Amino acid sequence: MSALRLVVRRLLASTPLLFLTSALTFVLVSLVPGDPARTIAGQHSTAEQYQLIRDRLGLDQPLPVQYWNWLTQAFHGDLGSSLFSGEAVTSILSNRLPVSLSLILASTVVSGLAGVALGLLSARRGGVLMRLVDGLATLGLAAPPFWLALLVIEVFAVTLRWFPVTGYVPLEENPGGWAGSLVLPVTSIALGAVAIIAKQTRDSVLDTMNKDFIRVMQANGFSPRSILYRHILRNAALPIVTVLGVLMVSLLGAVVFVETVFAMPGIASLTQQATIQHDIPVIQGAVLYITVFVIVVNLAVDLAYVRLDPRVRTS
Numbered sequence: 001m002s003a004l005r006l007v008v009r010r011l012l013a014s015t016p017l018l019f020l021t022s023a024l025t026f027v028l029v030s031l032v033p034g035d036p037a038r039t040i041a042g043q044h045s046t047a048e049q050y051q052l053i054r055d056r057l058g059l060d061q062p063l064p065v066q067y068w069n070w071l072t073q074a075f076h077g078d079l080g081s082s083l084f085s086g087e088a089v090t091s092i093l094s095n096r097l098p099v100s101l102s103l104i105l106a107s108t109v110v111s112g113l114a115g116v117a118l119g120l121l122s123a124r125r126g127g128v129l130m131r132l133v134d135g136l137a138t139l140g141l142a143a144p145p146f147w148l149a150l151l152v153i154e155v156f157a158v159t160l161r162w163f164p165v166t167g168y169v170p171l172e173e174n175p176g177g178w179a180g181s182l183v184l185p186v187t188s189i190a191l192g193a194v195a196i197i198a199k200q201t202r203d204s205v206l207d208t209m210n211k212d213f214i215r216v217m218q219a220n221g222f223s224p225r226s227i228l229y230r231h232i233l234r235n236a237a238l239p240i241v242t243v244l245g246v247l248m249v250s251l252l253g254a255v256v257f258v259e260t261v262f263a264m265p266g267i268a269s270l271t272q273q274a275t276i277q278h279d280i281p282v283i284q285g286a287v288l289y290i291t292v293f294v295i296v297v298n299l300a301v302d303l304a305y306v307r308l309d310p311r312v313r314t315s
């Protein structure tokens, strides 16, 4: 299967998912207690003022009509405006997107490199290191992201004073400051992910090392380095890539806590705030962006499969 054909098929299959996700989000948000028109109008507003705000926001229309109006605007690239600030949703999300993407991509790269390296060491040496990886993987699954965030703040920001406690510096303003502002948030996210990737890497490498073709190569005198990097890692890469893809999507939940703890203006914290305020256009736009991100990650994993496994290319 060619890469282009795979991309087209995946994009066509993902189109119904976008519609379903946006419709379901619209319905769920409407069920959340609270009235944005009442919040905007304030407690001392008159009934006429309150009704004018509802009319202006389109909240007096039936829910299917509200969703259809939003959908037709979204087709033209207009996701509406925030009910509270009046700013265009696309502008709000465009400003917030680099923060969340920086956190997720940096955390994935750090945890992927460290996890694969630790998993390889564990597979080759075993013993205490293997048990340590198992223990760290269990801890990584059990430790809440906000607890890890508070832990790294206490150690590296409060006690050692190596990094700032909170805040975000845009990359275009100061690359060094941008990297420094990501160290603690990325560390708090990657701590839980490194051990999980290490355990998956170790298990995949050990399973591949027990294959018959590896034993044949060892018996024929192939160098251990060549066997490891050209054959074992390549065959063990498929489950590792799968875990990395799942990890990138699951990091969205951790990013919500991390952005809140470190006061970082990302999409995850924006979605949380918009949900509390019942800001429907912002919620819809944020969920749409997140859904597209999940689709892109899944597509990247599929393309990696095509690149790594000849059986997928010929199927």
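Each residue of the sequence shown is one higher than the last, beginning at 1 in the UniProt record's numbering. Beta carbons: idealized from backbone N, C-alpha and C, even for Gly. All values derive from a computational prediction rather than experimental measurement.
Next on the checklist: Taking the straight line between their C-alpha atoms, what separation do you get for I197 and P170?
Outcome noted: What you label residue 197 is simply residue 197 of the sequence shown in a count that begins at 1. What you label residue 170 is simply residue 170 of the sequence shown in a count that begins at 1. Roughly 29 angstroms between the two C-alpha positions.
Checklist entry - Three or more C-beta pairs closer than 8 angstroms, one from the stretch 261-277 and one from the stretch 70-81: is that the case here? => result no
Next on the checklist: Suppose you measure from the CA of A106 to the CA of A47; what does that come to, to the nearest Å?
Outcome noted: Reading the sequence shown from its first residue, position 106 is the one you call residue 106. Reading the sequence shown from its first residue, position 47 is the one you call residue 47. Spanning the two alpha carbons is a distance of roughly 50 angstroms.
Checklist entry - Once you ignore the five residues that flank A143 on each side, which residues in its own chain have a CB closer than 6 angstroms to its CB? => result For the purposes of this step, residue 143 is identified with residue 143 of the sequence shown, where counting begins at 1. So the qualifying residues of the chain are G192.
Checklist entry - Rounded to the nearest angstrom, how far is the Cβ of P36 from that of D279, given a contact under 8 angstroms? => result Within the sequence shown, numbered from 1, the residue matching residue 36 stands at position 36. Within the sequence shown, numbered from 1, the residue matching residue 279 stands at position 279. Right, the Cβ-Cβ distance comes to about 7 angstroms (below 8 angstroms), so this counts as a contact.
Checklist entry - By DSSP, does A304 sit in helix, in strand, or in coil? => result Within the sequence shown, residue 304 is the residue found at index 304, counting from 1. Three-state DSSP puts A304 in a helix.
Item to check | As assigned by DSSP and simplified to three states, the class of A94 | outcome: Counting from one through the sequence shown, the residue named residue 94 turns up at place 94. Residue identity check: residue 94 is Ser in the sequence provided, not Ala. Helix.
Next on the checklist: Relative to the C-alpha of H76, which candidate in G42, T90, I232 and A263 has its C-alpha closest?
Outcome noted: Translated into positions along the sequence shown, residue 76 becomes position 76. Comparing Cα positions, the closest option is T90.
Next on the checklist: Quick check on the burial criterion: 16 or more other C-beta atoms within 10 angstroms. Buried or exposed for N235?
Outcome noted: On the sequence shown, residue 235 is found 235 positions in, with the first residue counted as 1. So N235 counts as buried.
Checklist entry - If we count the other Cβ atoms within 10 Å of its Cβ and call it buried at 16 or more, is L251 buried or exposed? => result The residue you call residue 251 lines up with position 251 of the sequence shown. Burial call: buried.
Item to check | Inter-residue Cα distance where the pair is F146 and L303 | outcome: Along the sequence shown, one-based indexing puts residue 146 at 146. Along the sequence shown, one-based indexing puts residue 303 at 303. Their Cα atoms are separated by approximately 33 angstroms.
Item to check | Residue interval of the alpha helix (DSSP H) (run including residue 404) | outcome: A query on residue 404 cannot be resolved here, the shown segment of the chain reaching from 1 to 315 and no further.
Next on the checklist: Check for me: the alpha helix (DSSP H) holding K211 runs from which residue to which?
Outcome noted: Translated into positions along the sequence shown, residue 211 becomes position 211. Looking at the DSSP string, K211 is not in any alpha helix (DSSP H), and its letter there is neither H nor E.
Next on the checklist: Can you give me the C-alpha to C-alpha distance between S102 and G180, rounded to a whole angstrom?
Outcome noted: Your numbering for residue 102 matches position 102 in the sequence shown. Your numbering for residue 180 matches position 180 in the sequence shown. If you take the alpha carbons of S102 and G180, they lie about 12 angstroms apart.
Checklist entry - According to DSSP, which residues form a beta bridge with A88? => result Working through the sequence shown from its first residue, we reach residue 88 at position 88. According to DSSP, A88 bridges with S81.
Item to check | For P239, three-class secondary structure by DSSP | outcome: One-based indexing of the sequence shown puts residue 239 at position 239. Helix at P239.
Next on the checklist: Check whether the stretch 290-307 and the stretch 243-261 are in contact - that is, three or more C-beta pairs closer than 8 angstroms.
Outcome noted: yes
Item to check | N95 to L148 span [Cα, whole Å] | outcome: To locate residue 95, count along the sequence shown from 1; it is residue 95. To locate residue 148, count along the sequence shown from 1; it is residue 148. Cα to Cα, the separation comes out at about 27 angstroms.
Item to check | Delimiting residues of the alpha helix (DSSP H) encompassing residue 317 | outcome: Residue coverage of the chain in this structure runs from 1 to 315, which leaves residue 317 outside it and unanswerable.
Checklist entry - Where do the ends of the alpha helix (DSSP H) carrying R225 lie? => result In the sequence shown, residue 225 corresponds to position 225, counting from 1. From DSSP, the alpha helix (DSSP H) with R225 extends over P224 to I227.
Checklist entry - Between V205 and G119, is the Cβ-Cβ spacing less than 8 angstroms? => result Reading the sequence shown from its first residue, position 205 is the one you call residue 205. Reading the sequence shown from its first residue, position 119 is the one you call residue 119. Contact: yes.
Checklist entry - Can V287 and T15 be called in contact, C-beta distance under 8 angstroms? => result In the sequence shown, the residue the question calls residue 287 occupies position 287. In the sequence shown, the residue the question calls residue 15 occupies position 15. Cβ atoms of V287 and T15: not closer than 8 angstroms.
Next on the checklist: According to DSSP, simplified to helix, strand and coil, what is M248?
Outcome noted: In the sequence shown, the residue the question calls residue 248 occupies position 248. Of the three classes helix, strand and coil, the one that applies to M248 here is helix, per DSSP.
Checklist entry - Under a three-way DSSP split, which group does E172 fall into? => result For this step, residue 172 is matched to residue 172 along the sequence shown. Coil.
Checklist entry - Just the Cα atoms here: how many angstroms apart are R131 and I240? => result Here residue 131 refers to the residue found at position 131 when the sequence shown is read from its first residue. Here residue 240 refers to the residue found at position 240 when the sequence shown is read from its first residue. Rounded to whole angstroms, R131 to I240 spans 20 angstroms at the Cα level.
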